[in-house]
Each structure stands twice: as structure tokens, then as C-alpha cells.
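First the structure, in the form of C-alpha cells, and then the observations on it.
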Ligand code: HXC
Ligand code: NAP
């Protein structure tokens, strides 16, 4: 992170669900670098401990808790602890997600439900529990969606359905909570280098090249590039932005759907 003046978020309190790895951890770093106190939530105690240690380098207060976003009481408890320790959160990021590539014909009902529960129900839980304790007015809520919400991606029916739901939840809650001065926006990252998501979606160099050939900027993005959009949405610079679904994808969405590779689709 070098292009922004630091300290845009001095004195703010940020809660990042799923903030212990990948894109969300990158966002947590950027928010902390701009002066925010940070609290992270994810399932693994080890990942939470490692993220707390890593985020400490920015010199702002950091805390974390292990919990599952699918469980409302766990999210509620974590947010309550944040409010008690640091004060009401000003910034709430919902980025926990699960993904695997599987054609719909090979998805069990539980596999579909698992991804919808983490991505969509989890986002509802984070925002709903966050609403109960957040600073009003002035709170910025940021959901992490994906290009699967917008264009069809074979082997991703579960993620597409979940993330399309995240986009509409973003718009719905922006409308309902706007009168209270709460902004709700979403970021759609494109393929981001060095992430679990892309390791699962494009495990080979050939798959990566195929994806890059369809991106206007012809490359994967970086975690910092997504984090900079999150800093904007979290800050006063975005004070009149709500209900927006913002692409940080190098223009990937412009090319539409990926082709259907052999072996994906049909009863197979
Ligand atoms: C088909 C699968 C499967 C697979 C799991 N399932 N993996 N089905 N193909 N590869 C099925 C299981 O058989 C089971 O159904 C059901 O899903 C639940 O599996 P569990 O292992 O019990 O679930 P759980 O322990 O809750 O783990 C959730 C998970 C896991 C999503 C399956 O992979 C996870 O924890 N992921 C978190 C990390 C992650 O995915 N990061 C990437 C985020 S990127 P049955 O019927 O057998 O009970 C992202 C996409 C962004 O979100 C887009 C990138 C461009
Ligand atoms: P990642 O590193 O696997 O991050 C997922 C995070 O969510 C982890 O911290 C994980 O930690 C946590 N998590 C997963 N399930 C959870 C649950 N049930 N409850 C609480 N926390 C949970 O993945 P990533 O690739 O960086 O993706 C991050 C976000 O960006 C996701 O929303 C993804 O959909 C989105 N996205 C990614 C890309 C990409 O290129 N990677 C592109 C578009 C959108 P635990 O395992 O400890 O729970």
C-alpha cells in the first residue's frame, strides 16, 4: 500500500469477517495501515492467532475470535466483544466464503447449502449482528462478492447463486439502513494472485493463461488493489456511495462468461 495518504481511518474500529487470510486479510492490513483498530473472525483458532500477530505491525489495536459466520450467535458474540473492547464498529467487512469447482449435476444438496450458508447467510448474519451494535450514522459496511454473481461460470452454480444473493442483500440493506446513515456496498474482485480462491479455480498455468486472456488488463489483480477499494468505501471519501456493487477486476466482467470446458455440465 503506497498510493494513498495514510491515516484516512484513524480512530475507526473495523470488524473483518473472514479476515484471517487472502483478500480479506489484505483488506484488514490496509484498514489498519490507515489507523483503524481491527477485529477479525474466522473458524480456525490458528489462523486467528497468526492474523492478530501479523496485523500488529501497524501499531493499532488488534483482536480476533474464532467463530463460524453460519452461526448467528457466534457472530453476535464476536461483534459484542468488539463493541465492548474498542467501541461500536464503524467499518464492517463481510468476506468469509467457501468455494470448490463442481458441476451442478454432481453437487449434493448439502454441498450447495454449505456454500450458500457461508457466503449468503453468513453475510446476512454479519450485517444483521453488525447493525445491532454499529455506530449510527457513519457506519460503512462492505461485502465481498465475486464475478460469479454477474456472469455464469461453469462448475460454480452454488457460488453464483450465493454471490448474486450477496449483491441483492447489499442493495436491499443499503436502502433499508440508508436513512440511518449506514452505507452498504460490495466489492467484486477479479481473479486475485496468491489466493486460495484462485488456487481452487485455476490450479494450472494453462487455466491462469486462459482466464488472463479474457481480462481487459490481461493479468490477475493483487490483494492490495482490492484493499485500496475497501479503504475508499470505508472512508469519508465514499460518503455519498451506497448500494454500489464495485468491480475491481481489471475489466474481467466486460468479456462475459467463460467458455464451457469439456467435462463440466450435463450429468457427466
Ligand atoms: C463437491 C463438495 C466438494 C467438492 C465439499 N463438498 N467439497 N462437493 N465437490 N470439491 C461437499 C461435501 O461433500 C459436503 O456434502 C458439503 O460440501 C460440505 O462439506 P464439508 O467439508 O462438511 O464443509 P465445511 O467443513 O463446512 O467446509 C466448507 C467448504 C471448504 C466450502 C467445503 O472448502 C471450506 O472451508 N472452504 C473455505 C476456504 C475457501 O473455500 N476459500 C476460497 C474462497 S474463494 P455432503 O453431501 O457430502 O454432506 C470464493 C470464490 C471466489 O469464495 C471466486 C474466485 C474467482
Ligand atoms: P480465503 O483466503 O480462503 O479466505 C476466506 C476466509 O474466510 C478465511 O479467513 C477463512 O478462514 C474464512 N472463512 C471461511 N469459511 C468461514 C466460516 N464459515 N466462518 C467464518 N470464517 C470463514 O479466500 P480468498 O480467495 O482470499 O477469498 C476471500 C473473499 O474474496 C471471498 O469472499 C471470496 O469469495 C472473494 N473473492 C475471491 C477472489 C479470488 O481471486 N480469490 C475473487 C473474487 C471474490 P477459516 O478457514 O479460519 O474459517
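Residue numbers (this note's numbering): 309 to 576.
Even glycine gets a Cβ: it sits at the ideal position worked out from N, Cα and C.
request  = Counting only runs of 4+ residues fully inside the region 385-443, write out the alpha helix (DSSP H) ranges in chain order.
outcome  = 417-424 and 430-441
message = Are there any heavy atoms of ligand 1 lying less than 7 Å away from the beta-carbon of residue 418, as far as the coordinates show?
response = yes
message = Taking the beta carbon of residue 430 as the centre, do at least 16 other beta carbons fall within 10 Å, making it buried, or is it exposed?
response = buried
Residue 496 - containing beta strand (DSSP E), residue span = 491-497
key: Closer than 7 Å: residue 451 CB and nearest ligand 1 heavy atom   = no
inquiry  = Let me check you understand the geometry: is the CB of residue 499 closer than 7 Å to at least one non-hydrogen atom of ligand 2?
reply    = yes
inquiry  = Please state the DSSP three-state secondary structure of residue 576.
reply    = Residue confidence for residue 576 is low, a pLDDT of 38 falling below 50, so the modelled location carries little weight; the figure read from the coordinates is stated next. Correct three-state label for residue 576: coil.
key: Cα-Cα separation between residue 473 and residue 522, rounded to whole angstroms   = 25 Å
task = Measure the alpha-carbon distance for residue 397 versus residue 324 and round it to whole angstroms.
result = 10 Å
Check whether residue 401 and residue 538 have beta carbons under 8 Å apart = yes
ask   = Of all the options 404, 485, 339 and 462, which has the alpha carbon lying nearest to the alpha carbon of residue 439?
value = 485
query = Is residue 536 near ligand 1, in the sense that its beta carbon is under 7 Å from a heavy atom of that ligand?
reply = no
ask   = Is there at least one non-hydrogen atom of ligand 1 closer than 7 Å to the beta-carbon of residue 424?
value = no
key: Status (buried if at least 16 other CB within 10 Å, exposed otherwise) for residue 378   = buried
query = With 16 other CB atoms within 10 Å as the buried threshold, where does residue 455 fall?
reply = buried
ask   = Along the chain, where does the beta strand (DSSP E) that runs through residue 374 open and close?
value = 370-374
message = On the criterion of 16 or more Cβ atoms from any shown chain inside 10 Å, does residue 517 qualify as buried, or is it exposed?
response = exposed
key: Beta-ladder partner(s) of residue 525, from DSSP   = Answer is none; residue 525 lacks a bridge partner.
message = Using C-beta distances below 6 Å, list every residue in its chain close to residue 449, excluding the 5 sequence neighbours before and after it, in chain order.
response = 400, 435 and 492
inquiry  = What does the alpha-carbon distance come out to for the pair residue 338 and residue 552?
reply    = 21 Å
message = Please state whether the Cβ-Cβ distance between residue 422 and residue 403 is less than 8 Å.
response = no
task = Give the DSSP bridge partners of residue 347, in chain order.
result = 323 and 371
message = Distance cutoff 8 Å, beta carbons only. Does residue 403 sit that close to anything in chain D?
response = Protein chains in the displayed structure number just one, and chain D is not present.
ask   = Any heavy atom of ligand 1 closer than 7 Å to the Cβ of residue 407?
value = yes
key: Residue from 447, 446, 470 and 463 whose Cα sits closest to the Cα of residue 457   = 470
key: Within 8 Å, strictly: CB atoms of residue 437 and residue 380   = yes
Reference residue 498; option with closest CA among 433, 352, 560 and 427 = 560
ask   = Around the Cβ of residue 315, are there at least 16 other Cβ atoms within 10 angstroms (buried) or fewer (exposed)?
value = exposed
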